Amino acid sequence: MRMSKLVGRRLKEDPKDAKTVSHKFLLRGGYARSVSTGIYSLLPLGKRVISKIEAIIREEMNRIDGQEVEMPVVLPADLWMESGRYDSVGEELLRFKDRNDKPMVLAMTHEEAVVQLARTELTSYKQLPAMLYQIQTKYRDEARPRAGLIRVREFTMKDAYSFHTAQDDLEKYYDRAHESYDRIFKRLGMKNFISILSNSGMMGGKISHEFMALCDCGEDTICVSRDRKYRANREVASADWKFEKSEPLPLEKVATPDAATIEDVAAFLGVDRAATGKAVFYQNAITGELIFALIRGDFEVNEAKLQNAVKAPELKFADAESIREIGCEPGYASILAIDPSKVKIVIDRSAAESSNLVVGANEPGFHCRNFNLERDFPRWNETVITDIATVRDGDPCLLDGSPLELVRGIEIGNIFQLGVRYSEAMNCRYLDENGQSHPMVMGCYGIGVGRAMAAVMESSHDDFGPIWPVSIAPYQAHVVALLPGKDGCGEAAEKLVDELESLGVEVLYDDRGEKAGFMFNDADLIGIPFRLVVSPRTLADGEVEFKVRGGGEAVRLKLAEAAGAIKKEIAAAFAALEP
RNA sequence: CGGGGUAUGGCGCAGUCUGGCUAGCGCGUUUGGUUUGGGACCAAAAAGUCGGGGGUUCGAAUCCCUCUACCCCGACCA
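For the first sequence, the numbering used here assigns the number 71 to the initial residue and increments by one for each residue that follows.
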């Protein structure tokens, strides 16, 4: 490909809206352009990278017996009604009507569509297990797209779905999928990725893992132990917290004027936040049911855990009015005044297993000292006592007690054991060897393709641009002709390009004859791993200059041997990415 | 949905507070010339509904009202 004809200009200055590295370089390098919030077009360079990522994913999916299919982006709403998700999923599912007023959706994931296929195509145990996958467009009407290709509304995703006769077969396959993902991300040249335990959220099912590219600009917070054996999304992470009871002291009401937050109360009474109990009101966003959560003042409620504890699909903060309706005073609300038959009460272990806490007195300007759950709340056995705490930096690891570290990550893939959530709801069944009908046991496996491209860029770049792994670089070699009109440089460069291409090397050829610095800067901004410079200076000695992007100093190669040498370098670079 | 911000040629910005010549600068683009190893120089040129609508005024990029789009933080989110 000649640079003079390549569509997609490089930008000298950072676009003002781009904040993260990958967003800046994707725009500046001429890889992608924004069309609307969270909606991008890919330019030729970007499309080449994406195609290569897809090819690697495809190979690895086929390796674990996947069969590629393609399902539609537009789906009838009734399919989503069958699974129940038409009503349970929020506004990120884009709903609309066709010209006949029939409700439709833009698919944000394809469990419904694939089950619709599977239940007619797969009917016998002899056909199972089976895995179907596609690499296709998803649309999610995200509340807040951000960071370029990292969180977008329309994106390409590889989604795979496996069908099994039983849980143990799913589990075996799940492990294969996990290994497959390790291979994929290794081959993509992704540095610093890990798999972690995750929250299965709206997908249903039990066991799930997320593959995270560790990166400060990531949106997820991950808890890892020092030896990295414990790795979990903060949404589900737990820690080996130790709480101690002491001799209960008499309950005592104290004035705490203008102290409505834990911070204020602790400061006013001169106690540690850990000596207080924090009351937080939530509401089941669907049913409106009020939920009272009590946790020690030095912890934060983990909403995902609370959601699981009360089996609510969605929570929201309760408004002051609903809190008053049950006779509580916002800011001074107290468990002492709560009727467990009216409000669902969830108590974190930190509060249940500590003694003599300061809690609200349910009266503006007053708190109570020395609250002890069993003594002061006789109906404590009508409450749920469980872990709803958010892990903090340094909390002790469940496995070895070492302090947990919080790191950020970009979720580039995930795998779920769905179980029979969809097959039961949508009647996706098979007949066993005895002619008995059973729901299929399902797994699903996703990878965000564009997000993977952005994540690689985040993990592999310098100040001048991306440093692509050879496996997904838009081109493998970048040939730059300095002074193409002088001393036969242009001819020599073109001959070199031909030789490389005949060896199967993908070449981007800068034939523009611009100033050297200009072309070098463009080359860095594009980030192709191997660069060859043809110039009068070295051509006089029958040589060209070779430089590895992001590597050391340039070296000289004999012109006649250059193509073969580059071919070898590329092969070695590929080999280094082999799992 | 809450908070903050932005909108002026392809890109980045100034001008707006304090209304007033033909709306300016850098980059990029085109043409000609001189250059050529880390974003050259000279000369000429093309390119703008100043986000949209309404209003105030002799006169609006600038003041007022309103709408929209985009970005950041939060909420939310496989």
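Beta carbons: idealized from backbone N, C-alpha and C, even for Gly. Source: prediction; values computed, not measured.
Inset, instruction - Measure the C-alpha to C-alpha separation of MET512 and GLN237 and round it to an integer number of angstroms. - result: 8 Å
Legend entry - Residue range of the unbroken alpha helix (DSSP H) whose run includes GLN197: Counting along the chain, GLN197 falls outside any alpha helix (DSSP H), and DSSP gives it neither H nor E.
Legend entry - Identity of the residue in ASP135, ILE393, GLU395, TYR352 nearest LEU376 by Cα: Ranked by how close their Cα comes to the Cα of LEU376, the residues ASP135, ILE393, GLU395, TYR352 have TYR352 in first place.
Inset, instruction - Return yes when the Cβ of LEU406 is within less than 7 Å of the Cβ of THR346, no when it is not. - result: Not a contact, by the Cβ cut-off of 7 Å.
Inset, instruction - Following the continuous alpha helix (DSSP H) through VAL139, name the residue where it begins and the one where it ends. - result: Run containing VAL139: none; DSSP gives neither H nor E here.
Inset, instruction - Quick one: grab the DSSP three-state call for MET512. - result: Three-state DSSP puts MET512 in a strand.
Inset, instruction - Name, in chain order, the residues that DSSP records as bridge partners for HIS531. - result: The bridge partners DSSP lists for HIS531 are PRO536.
Legend entry - Extent of the continuous alpha helix (DSSP H) to which SER121 belongs: 114 to 133
Inset, instruction - Could you pull out every residue in the same chain whose Cβ sits closer than 7 Å to the Cβ of ARG343, ignoring the five residues on either side in sequence? - result: ILE332, ALA336, GLY367, ASP368
Inset, instruction - Check each candidate in LYS242, ILE109, VAL577 and name the one with the smallest Cα separation from ALA633. - result: VAL577
Inset, instruction - Starting from TYR402, trace the alpha helix (DSSP H) both ways and give me its first and last residue. - result: No alpha helix (DSSP H) contains TYR402, which DSSP labels as neither H nor E.
Inset, instruction - Measure the alpha-carbon distance for PRO466 versus ILE458 and round it to whole angstroms. - result: Here the alpha carbon of PRO466 sits roughly 16 Å from the alpha carbon of ILE458.
Inset, instruction - Decide yes or no for the touch test of the region 209 to 226 against the region 250 to 264: beta carbon pairs closer than 8 Å, at least 3 of them. - result: no
Inset, instruction - Report the option in PHE441, GLU384, GLY116, GLY435 whose CA atom is closest to the CA atom of SER424. - result: PHE441
Legend entry - Start and end residues, alpha helix (DSSP H) containing ARG491: 491 to 495
Legend entry - PHE387 versus ARG301 - alpha carbon distance: 29 Å
Inset, instruction - Determine the contact status of GLY587 and PRO554, defining contact as a CB-CB distance below 7 Å. - result: no
Inset, instruction - Kindly confirm or deny that the region 90 to 105 and the region 560 to 571 touch, where touching means at least three C-beta pairs closer than 8 Å. - result: Contact between the region 90 to 105 and the region 560 to 571 is absent, because fewer than three Cβ pairs lie under 8 Å.
Legend entry - Residues of its chain near MET141, where Cβ-Cβ distance is below 8 Å and the 5 sequence neighbours each way are ignored: ALA177, HIS180, ALA183, VAL184, LEU187, GLN204, GLN206
Legend entry - Start-to-end residues for the beta strand (DSSP E) that takes in ASP580: 577 to 580
Legend entry - Inter-stretch contact (C-beta, 8 Å, three-pair minimum) for the region 536 to 548 and the region 121 to 129: yes
Legend entry - Those runs of the beta strand (DSSP E) which lie wholly inside the region 217 to 273 and span at least 3 residues: Listed in chain order, the complete beta strand (DSSP E) runs (minimum 3 residues) inside the region 217 to 273 are 224 to 234, 263 to 267.
Inset, instruction - State the Cα-Cα distance for the pair LEU321 and ALA421, rounded to the nearest angstrom. - result: One C-alpha to the other measures close to 16 Å.
Inset, instruction - Note down, in chain order, each residue of its chain lying with its Cβ closer than 6 Å to the Cβ of SER250, except the 5 sequence neighbours on either side. - result: Excluding residues within five positions, the ones whose Cβ falls inside 6 Å are GLU130, ILE134.
Legend entry - Residue range of the beta strand (DSSP E) that includes GLY430: 427 to 433
Legend entry - Assigned exposure category for VAL77 - 16 Cβ within 10 Å defines buried: exposed
Inset, instruction - Tell me, to the nearest whole angstrom, how far the beta carbon of GLU613 is from that of LEU629; I am working on the premise that it is less than 8 Å. - result: 6 Å
Legend entry - Under 7 Å between C-beta atoms of TYR231 and CYS514: yes
Legend entry - Where PRO599 falls, given that 16 or more other Cβ within 10 Å makes a residue buried: buried
Legend entry - Where the beta strand (DSSP E) containing THR456 begins and where it ends: THR456 -> beta strand (DSSP E) spans 454 to 456.
Inset, instruction - Put CYS438 into one of helix, strand or coil per three-state DSSP. - result: strand
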